[in-house]
Amino acid sequence: MPTERISFPGHAGDKLAARLDLPDGAPLATALFAHCFTCGKDIAAARRIAQRLCAMGIAVLRFDFTGLGHSCGEFANTTFGSNVGDLEAAADYLEGRGLAPDLLIGHSLGGAAVLRAAPRIASAKAVVTIAAPFDPGHVTHNFADALDTIRDEGQAQVDLGGRPFVIGRDFVEDVQAQELEPIIGSMKKALLVLHAPRDAVVDISNATRIFTAAKHPKSFVTLGDADHLVSAPDDAEYVAEVIAAWVDRYLDLPAPAPPIGAPEGVVRVTEAAPDGFLQDIQNGPHHHAVADEPEAYGGSNKGMSPYGFLAAGLGACTSMTIRMYARRKGWPLTGISVDVTHDKVHAQDAGTSATTRIDRFLRRITLEGDLDGDQRARLLEIADKCPVHKTLEQGAEIETELA
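Counted from 1, the sequence shown has number 350 at position 178 by our numbering; the numbering is strictly sequential.
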């Protein structure tokens, strides 16, 4: 996905570092992603979510809050309210570029921040939280032993995830004073709550309280054994898939006009796992699948193989062609199933004169309904007239060029 490295002024004017991940072509919608407390815009889950949404045609802005990552400013001077202000500044920046955010995604304390900011971002139609606390003050348990020092001396250096951070009194007082329940109940946006039952940092009871406080439309999906940072590739993949499937219902994503000479549009295949063979397959904003190889061949077996998709195309086209003919004839065909298998066989075994191995697809067609013998025989003949069947039999020209 094309990525712009940009910066924009945050709540206090400090330059905030950001990545704007863009789909090819004009964006159909825009998402704004807020990361967790002390994390950054480049965490694995954020990257995978951005990649998946970009495949749908959705632009994604990820940025570092004031004093974190590559952003300017002092983290010690920030508060929960300043994070909300940074989110609003990011939304303003996007609006200024004609990309006002339609979707807000927040992870951990970033999830609490998007809940707080959502009513103020009028363009947003949907909100997603990942491992978010219901009470933002929950974050102080990470440095509970330093609270007295922070209260007495104004600040203290604490260890968070193996890194030193200076936490100020203003942050503690601000985050402890937040009350999200009335805001969640009145934000009037679709909500998706994602949380892992075994999250050791933010207990899943927080997700229950967020979900209960919200009005419909709302959804709640648990994340199995995922950790708080959703650091495992499989978990990040699942989160990205769930968000993509859910958001398609709540964002108006118009299908782009097909290019000249490509009436069915462009099928885009994007590598999703460079260490394996997993591929994202996208056809417009609404149709997605994944391709892979079996584990025995070095894949992760998360999707059909390329030959599996080829067999699926033949089976689907066969069933559609039979249905279209029976419908036109008014025949009592009540159901169709097509089993397709693929193999490489010697040409002579397939009855041809070639001396090499060729591909053989075996179709086994089941026709349901009160059909007589002649009707069944005719529908079997019609199966051979399906366009994909003809393409496979006749061959096709493939042109390849570098983008």
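Every residue, glycine too, gets a C-beta built ideally from N, C-alpha and C.
With at least 16 other beta carbons inside 10 angstroms of its own, residue 228 counts as buried. By the C-beta criterion, the segment 323-331 is judged not to be in contact with the segment 436-449, since fewer than 3 inter-stretch pairs fall below 8 Å.
Relative to residue 553, the option among 219, 323, 535 whose CA is nearest is 535.
Note on geometry: alpha-carbon atoms of residue 532 and residue 224 lie some 34 Å from one another. Note that the C-beta distance between residue 355 and residue 368 is not below 8 Å. Pairing residue 398 with residue 353 gives a Cβ-Cβ distance that is not under 8 Å. Note that the segment 337-351 touches the segment 245-261; at least 3 beta-carbon pairs, one per stretch, sit closer than 8 Å. Contact between the segment 272-290 and the segment 199-217 is established, with three or more Cβ pairs separated by less than 8 Å.
The alpha carbon of residue 326 has as its nearest neighbour, out of 338, 316, 315, 492, the alpha carbon of 338. Distance between residue 473 and residue 318, taken at the CA atoms: about 47 Å.
Within the same chain, Cβ atoms closer than 6 Å to the Cβ of residue 265 are found at 180, the five residues on either side in sequence being excluded. When 413, 546, 555, 471 are compared, the shortest CA-CA separation from residue 512 is found for 555.
Look at residue 458 here: in three-state DSSP terms it is coil, with no helix or strand label. Within the segment 206-290, the complete beta strand (DSSP E) segments of 3 residues or longer fall at 230-235, 275-279, listed in chain order.
Note that the segment 536-551 does not touch the segment 463-477; fewer than 3 beta-carbon pairs, one per stretch, sit closer than 8 Å. Counting the other Cβ atoms within 10 Å of the Cβ of residue 510 gives 16 or more, which makes it buried. By the CB criterion at 8 Å, residue 301 and residue 311 fall outside the cutoff. Only residues of its own chain outside the window of five on either side were considered, and among them 191 have a CB closer than 7 Å to the CB of residue 177, listed in chain order. Under the rule that a run must span 3 or more residues, the beta strand (DSSP E) segments found entirely inside the segment 322-368 read 327-332, 335-340, 362-367. Excluding residues up to 5 positions away in sequence, 539 lie with their Cβ nearer than 8 Å to the Cβ of residue 548 in the same chain. For residue 239, the closest of 230, 258, 233, 366 by C-alpha to C-alpha distance is 258. Restricting attention to alpha helix (DSSP H) runs no shorter than 4 residues, the segment 468-556 encloses them at 478-501, 545-555, ordered along the chain.
Distances from the CA of residue 414 to each of 346, 492, 221 were compared; the closest alpha carbon is that of 221. Within the same chain, no Cβ atom closer than 7 Å to the Cβ of residue 567 is found once the five residues on either side in sequence are excluded. Membership of residue 564 in any beta strand (DSSP E) is not indicated; the residue belongs instead to the alpha helix (DSSP H) covering 559-566. DSSP, reduced to helix, strand and coil, places residue 391 within a strand of the structure shown. In terms of CA proximity to residue 270, 200 leads the group 499, 200, 297, 505.
In the three-state scheme derived from DSSP, where H, G and I count as helix and E and B as strand, residue 465 is classed as coil.
Taking each of 324, 323, 347, 314 in turn and checking the Cα distance to residue 336, the smallest one comes out for 314. Classified as exposed, residue 515 has fewer than 16 neighbouring CB atoms from the shown chains inside 10 Å of its CB. Within the same chain, Cβ atoms closer than 6 Å to the Cβ of residue 230 are found at 201, 203, the five residues on either side in sequence being excluded.
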